[in-house]
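Residue numbering for the sequence shown follows the working numbering, beginning at 1423 and increasing consecutively. This report concerns only the one structure given below.
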Amino acid sequence: MTVYPEEEVRSAAERLIEHHSKASEVTDWTFYVDETYTEDAVYLCEYAGVRPVTAVGRKQIKETHYGEDMGGFEDWTFPYDGYAVNGNRIITHWWNRGPGKRPDGSFYQTPGVSFITYAGNGMFSHQHDFFDLAHQMKLCDDLEEAGLLNARLKEIWVKPMKAKLVEMLTSNMD
């Protein structure tokens, strides 16, 4: 396996972060997929094991992670706190940041991390996202109490995820 120069890997990571920043602004998460992921890239998000999504290839990445899975998140941003590079591997730390601010001035947010593999030519071949789904559900409850939760997000994502979490956590309780 080719190990790419650190500056090349860092440059690609920074470009991805810039794309995500722009995507949050324009609420379009697909415009950069073709120039950022290899044709056969694999993108995974576990969603606490209750709804794992694996997309293989750019088309599926656009349809799932950066398509239907972003429904209801139009008023959210996903800013980065930093990243680390080790060979061709990148670890990013980012935030699921909801709309508005708490009464104390802090953001409504939960942390997330991604493990990304750089494949050369400015492209990524693998991405695996992780965040604490239980904390994300609590965040959505806080947003709803503040009158800031998108109704569509609640119906298509929050309610189904909560139901799946409850089912998973209450199975095999005997």
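Beta carbons: idealized from backbone N, C-alpha and C, even for Gly.
By the DSSP assignment, the beta strand (DSSP E) with V1431 in it spans what residues? Careful: V1431 lies outside any beta strand (DSSP E), inside the alpha helix (DSSP H) at E1428 to V1448.
Please classify T1476 as buried or exposed, where buried requires at least 16 other C-beta atoms within 10 Å of its C-beta. It is exposed - the Cβ of T1476 has fewer than 16 other Cβ atoms within 10 Å.
Rounded straight-line distance, which links the Cα of E1490 to that of E1430: If I take the Cα positions, the gap works out to 31 Å.
S1536 classed as buried or exposed, judged by whether at least 16 other C-beta atoms fall within 10 angstroms: By the neighbour-count rule (16 or more Cβ atoms within 10 Å), S1536 is buried.
Using 8 Å as the threshold, is the region 1481 to 1488 in touch with the region 1517 to 1525, meaning 3 or more CB pairs across them? No, they do not touch.
Taking the Cβ atom as the reference point for each residue, do L1555 and Y1469 lie within a distance shorter than 8 Å? Yes, the pair counts as a contact, with Cβ atoms nearer than the cut-off.
Are Y1505 and A1434 close, meaning C-beta to C-beta below 8 Å? Against a cut-off of 8 Å, the Cβ pair of A1434 and Y1505 comes out as no contact.
M1545, enclosing alpha helix (DSSP H) - first and last residue: Boundaries around M1545 are those of the beta strand (DSSP E), M1545 to F1553, since no alpha helix (DSSP H) includes it.
What whole-angstrom Cβ distance do T1458 and H1441 have, given they're in contact under 8 Å? Right, their Cβ atoms sit about 6 Å apart.
Where the alpha helix (DSSP H) through D1456 begins and ends: Going by DSSP, D1456 is part of the alpha helix (DSSP H) stretching over V1455 to T1458.
Looking at T1532: is its Cβ nearer than 8 Å to the Cβ of H1557? The answer is yes: Cβ separation under 8 Å.
Residue closest to S1446, alpha-carbon to alpha-carbon, out of D1497, N1508 and E1436: Measuring from the Cα of S1446, the nearest candidate turns out to be D1497.
Coarse secondary structure for E1592, derived from DSSP in three states: The sequence shown places Thr at residue 1592, rather than the Glu named in the question. T1592 carries a helical assignment under DSSP once its states are collapsed to helix, strand and coil.
Which stretch, first to last residue, makes up the beta strand (DSSP E) that contains I1512? Here the beta strand (DSSP E) through I1512 covers R1511 to K1523.
Using CA coordinates, which residue listed in L1438, F1546, N1510 and D1450 is at the minimum distance from V1478? Checking every option, the nearest Cα to that of V1478 belongs to F1546.
Helix, strand or coil for L1571 per DSSP? Taken through DSSP and simplified to helix, strand or coil, L1571 comes out as coil.
Cross-strand partners of G1542 (DSSP beta bridge): DSSP output for G1542 lists M1545 as bridge partner(s).
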